[in-house]
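**Student:** Sharing a structure with you now.
Residue numbers (our numbering), protein chains in the order written: chain A, 76 to 286; chain B, 33 to 368; chain C, 20 to 565; chain D, 4 to 99.
Written out as structure tokens, the structure reads:
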């Protein structure tokens, strides 16, 4: 079975694959701490302003969030299938699974965009135009939305990177004569994709199910 | 606006003027001794081995490896026990230095770029100066109008950050009348270096005279008052009326809100936090966020509106001082 | 340590492998990337140093007469941000680590050479943004960016500076990832964990901090940026935020960052001391594990920066106790270095003088850390010159001394040249003297109550400040001297054999300077590190080694 | 390499369980659980995350090292959260 070309610094292909895998997991540990800072800020403010968070959460479209969760879970499934297909030299199925993954990722971003638009229309975007009709201190409700936009926004940026990476992988697999040469790269892309999915798995209950 | 520093000469040791200062000095001196001991030990080892085993020196160089980790255990356990002892000692002194006595006299401090504003309970205000009596515990109730500052009096060996949006406390009991440095220790912007002032410690009698002197007549420093022993000034609070506090917080038979007299200093049962002591922070928070803490027996959410963004720090001090003045006396029916 | 298959064939060294700009700026060779870092951090060091010189000049008098307060505030911010993020943090890891990690473990390169080059570009991009921020009027928040000053009140180029630090943070993360993966997967045959040089252990521990702490700084800077640009409250209490939360997030990174600076320094000293004592290191495993212990414990102590900042009493007690625990692995290292001297044959060459200087100054820096961890004394000395003196003993007396020691130690390996030994010894002694004269008076100033970050101070503090400023001028000179003689050494052609110090370690088995791919065949390691042949040890007793 | 990978049906079943958990968390959120609501919601999220990590990310058959780093990320996040909350949870409502 063909493998990715061996880079000069490695002794053999096993070492190269091990290095890539460990590198990816180390990177994901970094990402955990990157989002971890936000989750910490969220926890502190939710403890400080429980009522405001509850009231603010009511203004979100829980159903859009739930649909998006379903979209992302499905995309993780198709991503896992893509990794498997390419490892088993099933090029056609691999490419189609990758494209499905990218399509679902795009769908997620579109839904998120619609949601942002609705939030904007309902004056839920923090800043000068933030709605004033709250039973709680508006600055506390605004804190919820600041965190909501930063957390989902950073997640969306990660999704954008992920969709791009998945499309690049689909292109490389399509172009390459020996599909398994890309197996490792696709697997690494998959790890990243699943990680971004896991971040959303936590964002969903924390942001949408406070009430 | 900067008050002249108290004049001092060159010295290697800071002067000491509070009851807590010697405690902190003692920990410091012990640490100095420890530092000296270890620095000399390491120095002696380096010098001793360094000279004895220098290249070219004719000594027996034994290459037996020590198989027992006895040495390692020594210098793991030794520092551990020393560290533990200093931790406990430091913690005890720290708790004494940060826990104000219940009977301490409260004085309010508001930091703002780049000056210290002080308000005494009787209404007397000063800027970049703090007059206090000696021999009496003083509790500073501090907040900031803008960024973080830090109230630091080296002669008292104590400092505390002054934060916007909340009260922090610094307590001390001055021992010697005199004038002492007051610094802002937390960087706060362009003129941070000039946010200096002085603490004037007076005998209790002098302090009473100073307090009673007409605030508008006193620009800075002590102004002599011929009126002798001053009466504690009567506290009334225009803010209490202006913000409509009296509409609900009256000693009437069916109050919409809890009566306030005797409230300060009480320990209230509170379902979400166990219990809460009514101090300055509690009153402040209850005025700004009525729902933050609901004492047991009251309905949540509170019907009281939030006064956040309506009330400035000085009105807040006025309200708190007014509530504190309502010790056991029934509330007056008519406020001025 | 025995190696096989490292006999040099007449291959060009990594330095001789092309002189085009392309061959440097697009190089994937870890050694050339190390040189790129060396050149860039040296430049940053002199930017940060220039700011320090102006600060010390200003502080020679109690009034702000040389510069205004506003300028002074920008100077200490430049000094802090540039020295911390653009000199100290990359210093030993990115220069010596990049050069040595593959050589020491017997690998041809790091696991991800492209990422390594990307790290340098990110570092430079971040650095240029930081310099741009300085040129665009400077930043006056201090390197700590405390809120709400940095978000709401400061009228300076906070955003470009924060962006620069954010970007250079990713450089740290990528470097850390690279080292972790390299040490795990690319060790030569026979190079078990307990045969690794202690420099590798400490670099590995440092990399853990890079990877696990830096992202929290990154997100915190993002929040600062959002709050400043968007004008919404995250840390500003007037908008519902909590400034103390910022301090938690900031120190979660910035306290471990101190160990990013000092752990690699300890690694360097652990290499130099056994070499110049011609003795195997005492307590190898204890030193190795103490590096990891410091890295882990370093994450549990950040609250000691916040004892007077509004931290709750319970949290203060917990953080204080944990802070004291860091003293233990540090003490273990110092004592083990001392015992390594015993029965050695000690040569006082330039690197050894720097290493001994490190041990002395680090001991003082470490012990004065106890004052700050003990809650009581911290009430008085927090935010005073005592703190300044303490962390300069760790970062300058410790990290910079060891960095210079390491540069001198591996200079023959890196460049193939030798430097003037008398000048080396002179500047090491000058540095030690100048350093102490600069910073020792600051301990006294701190206990007297002089607060940090002020251009003006009460006149009675002047004598000690003048002493400190005088020391700083000597210190500045002691930094310039090596710059001159090390640069001068480059003029002559390479002339050093592969192992001028008679040191152990795989890097000394390669030619000086090494060839592009380090080893033609992977070396095979068969024994523990630091097997020094003590030339004067008594033969009959050597037999007892077992 | 292919032999190491789970079969398609394993992935399908995992996806189904994930959907069931999603529905479960929605249903539970409609029930008034008081203080336990966030605990349950986060518990379900954790279960979902573990499933994704173990099955989709192959953590159940990854090297010990990869698992170690996956746990390290989580562990250090817990340090950050726990010690920060150690401050916030011990601030009495009336004193700072």
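For every residue, glycine included, the Cβ atom is placed at its ideal position computed from N, Cα and C.
If you reduce the DSSP assignment to three classes, tell me which class residue 216 of chain B lands in.
**Tutor:** Residue 216 of chain B falls in the strand class under three-state DSSP.
**Student:** What do you get for residue 359 of chain B, buried or exposed, if any count of 16 or more other CB atoms within 10 angstroms of its CB means buried?
**Tutor:** That one is exposed.
**Student:** With a cut-off of 8 Å, do at least 3 Cβ pairs link the segment 408-425 of chain C to the segment 502-512 of chain C?
**Tutor:** Verdict: no, contact absent.
**Student:** Which residues share a DSSP beta bridge with residue 138 of chain B?
**Tutor:** B:171, per the DSSP bridge assignment.
**Student:** Do residue 294 of chain B and residue 281 of chain B come within 7 Å of each other at the CB atom, strictly closer than that value?
**Tutor:** Cβ atoms of residue 281 of chain B and residue 294 of chain B: not closer than 7 Å.
**Student:** Does any C-beta atom of chain A lie closer than 7 Å to the C-beta of residue 264 of chain C?
**Tutor:** Yes, residue 264 of chain C counts as interfacial toward chain A.
**Student:** Can you find a C-beta in chain B that's less than 7 Å from the C-beta of residue 362 of chain C?
**Tutor:** By this cut-off, residue 362 of chain C is an interface position.
**Student:** Tell me the DSSP bridge mates of residue 185 of chain B?
**Tutor:** For residue 185 of chain B, which the question treats as bridged, DSSP gives the partners B:190.
**Student:** Helix, strand or coil, according to DSSP, for residue 336 of chain B in the structure here?
**Tutor:** Residue state, collapsed to three classes: coil.
**Student:** Measuring CB to CB, does residue 149 of chain A end up less than 7 Å from residue 179 of chain A?
**Tutor:** Against a cut-off of 7 Å, the Cβ pair of residue 179 of chain A and residue 149 of chain A comes out as a contact.
**Student:** Would DSSP call residue 98 of chain C helix, strand or coil?
**Tutor:** Three-state result, residue 98 of chain C: helix.
**Student:** Rounding to the nearest angstrom, what Cα-Cα distance links residue 1 of chain C and residue 144 of chain A in this structure?
**Tutor:** Not covered by the structure: residue 1 of chain C. The range shown for chain C is 20 to 565.
**Student:** Name, in chain order, the residues that DSSP records as bridge partners for residue 159 of chain B.
**Tutor:** Partner(s): B:149.
**Student:** Could you tell me the alpha carbon to alpha carbon distance between residue 173 of chain C and residue 159 of chain C, rounded to whole angstroms?
**Tutor:** Approximately 7 Å between the Cα atoms of the pair.
**Student:** Less than 7 Å between the C-beta atoms of residue 363 of chain C and residue 298 of chain C, yes or no?
**Tutor:** Against a cut-off of 7 Å, the Cβ pair of residue 298 of chain C and residue 363 of chain C comes out as a contact.
**Student:** Buried or exposed, going by whether 16 or more other CB atoms sit within 10 Å of the CB of residue 453 of chain C?
**Tutor:** By the neighbour-count rule (16 or more Cβ atoms within 10 Å), residue 453 of chain C is buried.
**Student:** Between residue 139 of chain C and residue 100 of chain C, is the Cβ-Cβ spacing less than 7 Å?
**Tutor:** Cβ distance not < 7 Å, so residue 139 of chain C and residue 100 of chain C don't count as in contact.
**Student:** Tell me whether residue 204 of chain B sits in a helix, a strand or coil according to DSSP, three-state version.
**Tutor:** If DSSP states are grouped into helix, strand and coil, residue 204 of chain B belongs with the strands.
**Student:** When the distance is taken between beta carbons, is residue 82 of chain C closer than 7 Å to residue 440 of chain C?
**Tutor:** No.
**Student:** Could you give the uninterrupted runs of the beta strand (DSSP E) lying entirely in the segment 123-158 of chain A, keeping only those of 3 residues or more?
**Tutor:** Taking only runs of at least 3 residues, no beta strand (DSSP E) segment lies wholly in the segment 123-158 of chain A.
**Student:** Per DSSP, which one or two residues make a beta bridge with residue 234 of chain B?
**Tutor:** According to DSSP, residue 234 of chain B bridges with B:165.
**Student:** State the beta-bridge partners of residue 470 of chain C as determined by DSSP.
**Tutor:** Answer is C:403.
**Student:** Does the distance from the CB of residue 111 of chain C to the CB of residue 370 of chain C come in under 7 Å?
**Tutor:** Contact: no.
**Student:** Output needed in chain order: residues of the segment 186-215 of chain A with a Cβ under 9 Å from some Cβ in chain C.
**Tutor:** Answer in chain order: 201, 202, 203, 205, 212, 213, 214 and 215.
**Student:** With a cut-off of 7 Å, does the C-beta of residue 218 of chain A fall near any C-beta of chain C?
**Tutor:** For residue 218 of chain A, the answer is yes, since a Cβ of chain C falls inside 7 Å of its Cβ.
**Student:** Between which two residues does the alpha helix (DSSP H) holding residue 314 of chain B run?
**Tutor:** 312-320 is the span of the alpha helix (DSSP H), which, as asked, contains residue 314 of chain B.
**Student:** Can you find a CB in chain C that lies within less than 7 Å of the CB of residue 189 of chain B?
**Tutor:** Answer yes: the Cβ-Cβ gap between residue 189 of chain B and chain C drops below 7 Å somewhere.
**Student:** Please identify the residue among C:380, C:406, C:142 and C:93 whose C-alpha is closest to the C-alpha of residue 109 of chain C.
**Tutor:** Here the closest residue by C-alpha is C:142.
**Student:** What in chain B is Cβ-close to residue 126 of chain A, meaning under 8 Å?
**Tutor:** Correct list: 323 and 333.
**Student:** Quick one: residues in its chain with C-beta nearer than 6 Å to the C-beta of residue 323 of chain C, no 5 flanking neighbours on either side, listed in chain order?
**Tutor:** Excluding residues within five positions, the ones whose Cβ falls inside 6 Å are 338, 342 and 392.
**Student:** Can you name the residues that DSSP bridges to residue 299 of chain B?
**Tutor:** Answer by DSSP bridge pairing, in chain order: B:309.
**Student:** Is the CB of residue 337 of chain C under 7 Å away from at least one CB in chain D?
**Tutor:** Taking Cβ atoms only, chain D reaches closer than 7 Å to residue 337 of chain C, which makes this a yes.
**Student:** Which runs of the alpha helix (DSSP H) at least 4 residues long sit entirely within the segment 345-394 of chain C? Give them in chain order.
**Tutor:** As far as the segment 345-394 of chain C is concerned, its whole alpha helix (DSSP H) runs of at least 4 residues are 346-360 and 369-392.
**Student:** So, are the CB atoms of residue 271 of chain A and residue 80 of chain D less than 7 Å apart?
**Tutor:** Against a cut-off of 7 Å, the Cβ pair of residue 80 of chain D and residue 271 of chain A comes out as no contact.
**Student:** Going by other Cβ atoms of all chains shown within 10 Å of its Cβ, with 16 needed for buried, is residue 39 of chain C buried or exposed?
**Tutor:** Classification of residue 39 of chain C: exposed, given that the 10 Å Cβ count is below 16.
**Student:** Around the Cβ of residue 14 of chain D, are there at least 16 other Cβ atoms within 10 angstroms (buried) or fewer (exposed)?
**Tutor:** Under this definition residue 14 of chain D is a buried residue.
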